[in-house]
Every structure is written in structure tokens, then in C-alpha cells.
Amino acid sequence: MIKRDFTGHRLANFVTYNGVTYLSGQVPTTTEENITLQTEEVLAKIDELLEKADSCKENILSAQIWLKDMAQDFAAFNEIWEAWIGDNEPPARAAVEANMARPHVLVEIMVTAAVRF
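Our numbering applies: residue 29 is where the sequence shown begins, and numbers increase by one.
Now the structure itself:
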């Protein structure tokens, strides 16, 4: 059975199938161009969606991260990411620089996680 969490016609917040949850890329709603604020907001959104999908950050299998400016924001992003992961074993991860769909967005994160059994 496929479970989808919809917010509109374009995409689902997440799709769960066969014990794995796939989150859509999460971006901040704040227009303040501050990597710390934007990353904290995106990670909080991920926590909420994982909970809704019956999962948690401890179950994240992989993460894809897009940053608008790697040279400027990568170190600060990693500091926040590492604090958020905490003592949990980290997931597989890739981080790249990318043009964003909206000019104020500095970070987008998409994760895949196992559901709780």
C-alpha cells in the first residue's frame, strides 16, 4: 500500500511504500537570507513530516542537500546538521551547490527514512 501526504496538485510532502518514507525537498518559508535560520526551519519541518510518516531522524537512510552558496554556507550548515543529528549514526548524504527556485532560498533538503515497525 502506498501512503501519500498531499498539500497540493504538484507534489506530496511524503510518500511511504514498503517500509520506506520519501520526503519531498523541504525549503524554508522565511525570506530572511540567513543559513542558520533557514536550516533550523527546514530541519524542524523534516522532524514534523517524519513524525507524521511514522518515522524519525534516527531512521533517516539518506539525505540530499542543496545549498545556494557552498563557499559561504557549508561550514555553518554542517554545524547545525551535526547538532541536529546528535549522537545518532549519520545517514548517507550528498551536498551540492545549486541554483534555487526562489532567490531567497539558501538550502533545500530531501530525506529518505525507514518507518517505525
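Here a beta-carbon is modelled for each residue, glycine too, at the ideal position from N, C-alpha and C. Bear in mind the structure is a predicted one, so any value in this text is a computation, not a measurement.
- Shown here, Asp75 sits in a helix according to DSSP, grouped into three states.
- Put simply, the backbone Cα of Gly36 is about 31 Å away from that of Asp101.
- When Cβ pairs closer than 8 Å are counted between the two stretches, the region 114–126 is seen not to touch the region 65–77, the count staying below three.
- Taking the C-beta atoms as reference points, Ser83 is found nearer than 9 Å to Ala141.
- Taking a 10 Å sphere around the C-beta of Phe105, we find 16 or more other C-beta atoms and assign the residue as buried.
- Annotation for Gln92: the continuous beta strand (DSSP E) segment containing it runs Ile88 to Leu95.
- A distance below 7 Å between beta-carbons, with the five flanking residues on each side excluded, links Arg32 to the following residues of its chain, in chain order: Ala40 and Val43.
- Membership of Ala126 in any alpha helix (DSSP H) is not indicated, and neither H nor E is assigned to it by DSSP.
- Nearest neighbour of Thr59 by Cα position, chosen from Met138, Lys85, Arg144 and Pro131, turns out to be Pro131.
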